[in-house]
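Participant: Before I ask anything, let me first share the structure, which is written out below as structure tokens.
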Amino acid sequence: MSDLVIAYAQQQREKYLNDLIEYLAIPSVSAQPQHKQDVNRAAAWLCDHLRVIGMEARVMETGGHPVVYAEWLSAGANRPTVLVYGHYDVQPAEPLDLWRSDPFAAVIRDGVIYGRGSSDNKGQHMAHIKAVESFLAQKTPLPVNVKFLIEGEEEIGGPHLGAFIAANKQLLACDVIMISDSALLAPDQPSLLYALRGLLYFEVEARCAAHDLHSGSYGGNVQNPAMALAQILARLKDEHGHITVPAFYDAVRVLDSFERAEIARIPMSEQQIMAESGASQVFGEPGYNVAERMGARPTLEINGLWSGYTGEGAKTVLPATAHAKISCRLVPHQNPAEIYKSVVEYMQALTPPGVSLSFKVLQEGTRGTLIDRDAPQIQAAARAAQATYGKAPIYVLEGGSIPVVNDFQDVLGKPIALLGFGLSSDNIHAPDEHYPVRCYEKGIEASIRFLTEL
Ligand SMILES: [Zn+2]
85 MSDLVIAYAQ
95 QQREKYLNDL
105 IEYLAIPSVS
115 AQPQHKQDVN
125 RAAAWLCDHL
135 RVIGMEARVM
145 ETGGHPVVYA
155 EWLSAGANRP
165 TVLVYGHYDV
175 QPAEPLDLWR
185 SDPFAAVIRD
195 GVIYGRGSSD
205 NKGQHMAHIK
215 AVESFLAQKT
225 PLPVNVKFLI
235 EGEEEIGGPH
245 LGAFIAANKQ
255 LLACDVIMIS
265 DSALLAPDQP
275 SLLYALRGLL
285 YFEVEARCAA
295 HDLHSGSYGG
305 NVQNPAMALA
315 QILARLKDEH
325 GHITVPAFYD
335 AVRVLDSFER
345 AEIARIPMSE
355 QQIMAESGAS
365 QVFGEPGYNV
375 AERMGARPTL
385 EINGLWSGYT
395 GEGAKTVLPA
405 TAHAKISCRL
415 VPHQNPAEIY
425 KSVVEYMQAL
435 TPPGVSLSFK
445 VLQEGTRGTL
455 IDRDAPQIQA
465 AARAAQATYG
475 KAPIYVLEGG
485 SIPVVNDFQD
495 VLGKPIALLG
505 FGLSSDNIHA
515 PDEHYPVRCY
525 EKGIEASIRF
535 LTEL
């Protein structure tokens, strides 16, 4: 069945491209108030588009930018239901002078679509919409029920989506959530993300005096908070990069042999990290390769560090305070609240007399996520990817976080297929964002096969 539907999608090539180009022309920049009308216009355009292809669709309020919800449930109650998630909002296009063409008048050059949102994320969720259209347009019965939830606040941290999902549990009920908001590992190497890291973010202040002091009058008699904080921070890791906070690694999962074998297939090398970062060598926990350190091991990093006088010229000040921003990327099973408590207690224990530390959480901690690779829904996605790209997908432990995945897991409790259609070289969030036409078309095919396999 999927072959007939794919053949139809190929005939519609031109139209499907034009639809995407029309969608990309709407500057739905969620972060910029001057684009509020455009954000609403993108939601309305998408809602209309989903109706035109034969779905029931509506724009729903969230308290912030609206979500677009659509459904086609005529496969019947005994068939599975897929919920496709995506986001219609885009990053600001600035700096505009670094674009070779207008970010909101998408053009195709050498088989590549250039435009803001082409890869992140309009071009990726449109692939699923076009897959559904390809079934419905030629009256081929869709083998499964399909729901779409396309939101407008992903690029601003999704302030309202968690509450929306919790409040609409029945509406969104499904058997699997499909999210295409990531990248293939190479043009013909699909991946399925099955673990995401969580995040803990806090700030610490070290104080030694009521106010800044003259370093000639007080230096030598009063603790320097910058020095004290530096000494405390320096003891959070050993010289090899192993984190020394007690109990920090207690909940870290040991990878099984399948996972280690999969990690070995990931095309990622020390040379690549050096080339991309400009670092003269890689540095990290001994006993793990770069891909393992990225996805399977937790981190503790200083994100900001300041104290005293940082302006031009000399100022002989003995500062009263010193500050650091610190974050930890956490792996599945590590509890953000417990890790935070361990780090704070350890830093307090390292604090010398005359110094007081105070802490502030900057972002509510998010847990890491682990998805059951063996769930039949995920296996359906794996078969669809293999048939489309000619290679079995690599199961990847992702280093970053996708907060909505936790919301889906907590509220809907179903497996989440994280199958990306873009490429890591697509310049998302940057000037000249692009998306190869081939990625779009392969995405449509993969989606058609997924719906069939399911
Ligand atoms: Zn993005």
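According to our numbering, the sequence shown is numbered sequentially starting from 85.
For each residue, glycine too, the CB sits at the ideal point set by N, CA and C.
#1: Quick check on GLN428: does DSSP put it in helix, strand or coil?
#2: So what does DSSP say about PRO117, is it helix, strand or coil?
#3: Taking Cβ to Cβ, would you say CYS131 is nearer than 8 Å to VAL113?
#4: In terms of DSSP beta bridges, what is GLU235 paired with?
#5: Which runs of the beta strand (DSSP E) spanning at least 3 residues fall entirely within the stretch 471 to 508, listed in chain order?
#6: Since THR400 and SER391 should fall inside the 8 Å C-beta cutoff, what is the C-beta to C-beta distance between them, to a whole number of angstroms?
#7: Across the stretch 209 to 220 and the stretch 131 to 142, are there enough close Cβ pairs to call them in contact, namely three or more that are closer than 8 Å?
#8: Flag this pair as yes or no: are the beta carbons of PHE505 and LYS526 separated by less than 8 Å?
#9: If you count every other CB in all the chains shown that lies within 10 Å of the CB of GLY303, and 16 or more means buried, which is it?
#10: Measure the C-alpha to C-alpha separation of MET352 and ALA290 and round it to an integer number of angstroms.
#11: Do ALA41 and ALA127 have their C-beta atoms closer together than 8 Å?
#12: Kindly give me the distance between the Cβ atoms of PRO420 and ASP296, rounded to whole angstroms, as I take these residues to be in contact under 8 Å.
#13: Answer with buried or exposed for VAL338, where buried requires no fewer than 16 other C-beta atoms within 10 angstroms of its C-beta.
#14: Quick one: is HIS119 buried, meaning 16 or more other Cβ sit within 10 Å of its Cβ, or exposed?
#15: Would LEU283 and ARG377 qualify as a contact pair, given that the criterion is a beta-carbon distance under 8 Å?
#16: Which first and last residues belong to the alpha helix (DSSP H) in which ASN387 is found?
#17: Is the stretch 271 to 278 close to the stretch 472 to 485, with three or more CB pairs under 8 Å?
#18: To the nearest angstrom, report how far apart SER364 and GLN355 are at their CA atoms.
#19: Measuring CB to CB, does PRO330 end up less than 8 Å from SER426?
#20: With a threshold of 16 other CB atoms inside 10 Å of the CB of MET85, please say whether the residue is buried or exposed.
#21: ASN205: buried (16+ other C-beta within 10 angstroms of its C-beta) or exposed?
#22: Which full runs of the alpha helix (DSSP H) of 4+ residues lie inside the stretch 242 to 277, going along the chain?
#23: Just checking: is the beta-carbon of HIS417 within a distance shorter than 8 Å of some beta-carbon in chain B?
#24: Which residues does DSSP pair with GLY395 in a beta bridge?
#25: Determine the direct distance from the alpha carbon of ALA459 to that of GLU343, and round the result to whole angstroms.
#26: Around the Cβ of GLN432, are there at least 16 other Cβ atoms within 10 angstroms (buried) or fewer (exposed)?
#27: What residues in its chain sit with their C-beta under 7 Å from that of HIS209, if we drop five residues either side in the sequence?
#28: Per DSSP, what kind of secondary structure is LEU134 in: helix, strand or coil?
Facilitator: Walking through what the data contain:
#1: Position check: residue 428 holds Val in this sequence, whereas Gln was assumed. In the displayed model, VAL428 falls within a helix according to three-state DSSP.
#2: helix
#3: no
#4: HIS171
#5: Taking 3 residues as the minimum length, the beta strand (DSSP E) runs contained wholly in the stretch 471 to 508 are 478 to 482 and 500 to 503, in order along the chain.
#6: Not quite, the Cβ-Cβ distance comes to about 14 Å (not below 8 Å), so this is no contact.
#7: Note that the stretch 209 to 220 touches the stretch 131 to 142; at least 3 beta-carbon pairs, one per stretch, sit closer than 8 Å.
#8: yes
#9: exposed
#10: 39 Å
#11: Beyond the ends of the chain as shown, which are 85 and 538, falls residue 41; an answer cannot be given.
#12: At roughly 35 Å, the Cβ-Cβ gap does not stay under 8 Å, so PRO420 and ASP296 are not in contact.
#13: exposed
#14: buried
#15: no
#16: Per DSSP, ASN387 belongs to no alpha helix (DSSP H); it is in the beta strand (DSSP E), 385 to 391.
#17: yes
#18: 10 Å
#19: yes
#20: The residue is exposed, with fewer than 16 neighbouring Cβ atoms inside 10 Å.
#21: By the 10 Å Cβ count, ASN205 comes out buried.
#22: Listed in chain order, the complete alpha helix (DSSP H) runs (minimum 4 residues) inside the stretch 242 to 277 are 245 to 251.
#23: As a matter of chain content, chain B is missing from the structure shown, which is built from one protein chain.
#24: Looking at the DSSP assignment, GLY395 forms no beta bridge with any residue, so it has no partner.
#25: 16 Å
#26: Looking at its Cβ environment, which holds fewer than 16 other Cβ atoms inside 10 Å, GLN432 is exposed.
#27: VAL168, GLY170, ILE234 and SER264
#28: helix
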